[in-house]
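Below: the structure, in structure tokens.
See below:
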């Protein structure tokens, strides 16, 4: 069980950040996270600040070295062992051992140690925010490619910072291209990866997808 005071042990600092976000809202600013970095954007001023130290200061339980990110768990999503989900990659050996040859990275930073052996690893870098839905054509194109790789016998891994929302969104969409309804994909993901898809917008989008909708969307995309 996780308690509120464990996730937010510094409520005064969090309250200060909230108050600041309300104040700078008048400047058309935005506060978000990419990976383990807190991002403050001021478009009209042409300023973008990114700080992993500030995020760890406010939310130490979610820092890159916290117990939430101590091990890279590769979660198998299909019965054939071809589709996986994980948090940030800290070791490539387990990925190689599972025969995974394609990685879809949704996090803000390019992974360290990406294999560079020719014709081995397909690395797809598509960083998105854990907030609103990204560009749907790009999202579906990535998922369609992932599904085609799975269908051809390749191992595919989707990952983000915690392996809960962004990676689950793409993995869920891949599952719909493999034949599941959206609600079935969400149910499977939450069963295999407890706590996943707590982003209501991501979950609602997946749950709204019928097989026919996915088929219609796929028809508008380039052939595999």
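Residue numbers (my numbering): 1 to 224. Virtual Cβ for every residue (Gly too), placed ideally from N, Cα, C. Quick caveat, the model's predicted, so the values are computed rather than measured.
Selection from the options that minimises the alpha carbon distance to residue i
i           : options            : result
residue 121 : 97, 133, 175       : 97
residue 124 : 143, 180, 178, 168 : 143
residue 159 : 133, 168, 151, 153 : 168
residue 72  : 92, 81, 78         : 92
residue 135 : 88, 202, 212       : 202
residue 155 : 104, 191, 214      : 104
residue 111 : 118, 90, 119       : 90
residue 78  : 133, 220, 132, 191 : 191
residue 131 : 116, 166, 148      : 166
CA-to-CA distance, residue j to residue i, given in whole angstroms
i           : j           : result
residue 210 : residue 141 : 17 Å
residue 86  : residue 137 : 24 Å
residue 84  : residue 194 : 14 Å
residue 176 : residue 182 : 6 Å
residue 101 : residue 200 : 30 Å
residue 76  : residue 189 : 10 Å
residue 129 : residue 113 : 23 Å
residue 198 : residue 153 : 30 Å
residue 56  : residue 164 : Any reading at residue 56 is ruled out, since the residue's pLDDT is 49, under 50, leaving its predicted position unreliable.
residue 171 : residue 82  : 11 Å
residue 217 : residue 206 : 13 Å
residue 174 : residue 185 : 9 Å
residue 215 : residue 94  : 34 Å
residue 139 : residue 118 : 26 Å
residue 196 : residue 204 : 13 Å
residue 213 : residue 220 : 11 Å
residue 116 : residue 187 : 36 Å
residue 133 : residue 208 : 13 Å
residue 80  : residue 148 : 14 Å
Assumed close pair residue i, residue j - CB separation to whole angstroms, cut-off 8 Å
i           : j           : result
residue 74  : residue 157 : 7 Å
residue 150 : residue 178 : 6 Å
residue 88  : residue 146 : Contact doesn't hold; Cβ gap of about 19 Å is too wide.
residue 108 : residue 127 : 5 Å
As assigned by DSSP and simplified to three states, the class of residue i
i           : result
residue 129 : coil
residue 146 : helix
residue 2   : Interpretation of residue 2 is limited by its pLDDT of 40, a score under 50 that renders its predicted location unreliable; no figure is taken from the coordinates.
residue 35  : Residue placement at residue 35 is poorly supported in this model, since its pLDDT is 46, which falls under 50; the coordinates are not used for a value here.
residue 157 : strand
residue 197 : coil
residue 167 : helix
residue 179 : coil
residue 135 : coil
residue 162 : coil
residue 209 : coil
residue 220 : coil
Chain B within 8 Å of residue i, Cβ atoms only
i           : result
residue 116 : No chain B is part of this structure, which consists of one protein chain only.
Contiguous beta strand (DSSP E) assignments of at least 3 residues, all confined to the stretch 59-123:
Runs of the beta strand (DSSP E) inside the stretch 59-123: 83-86, 100-105.
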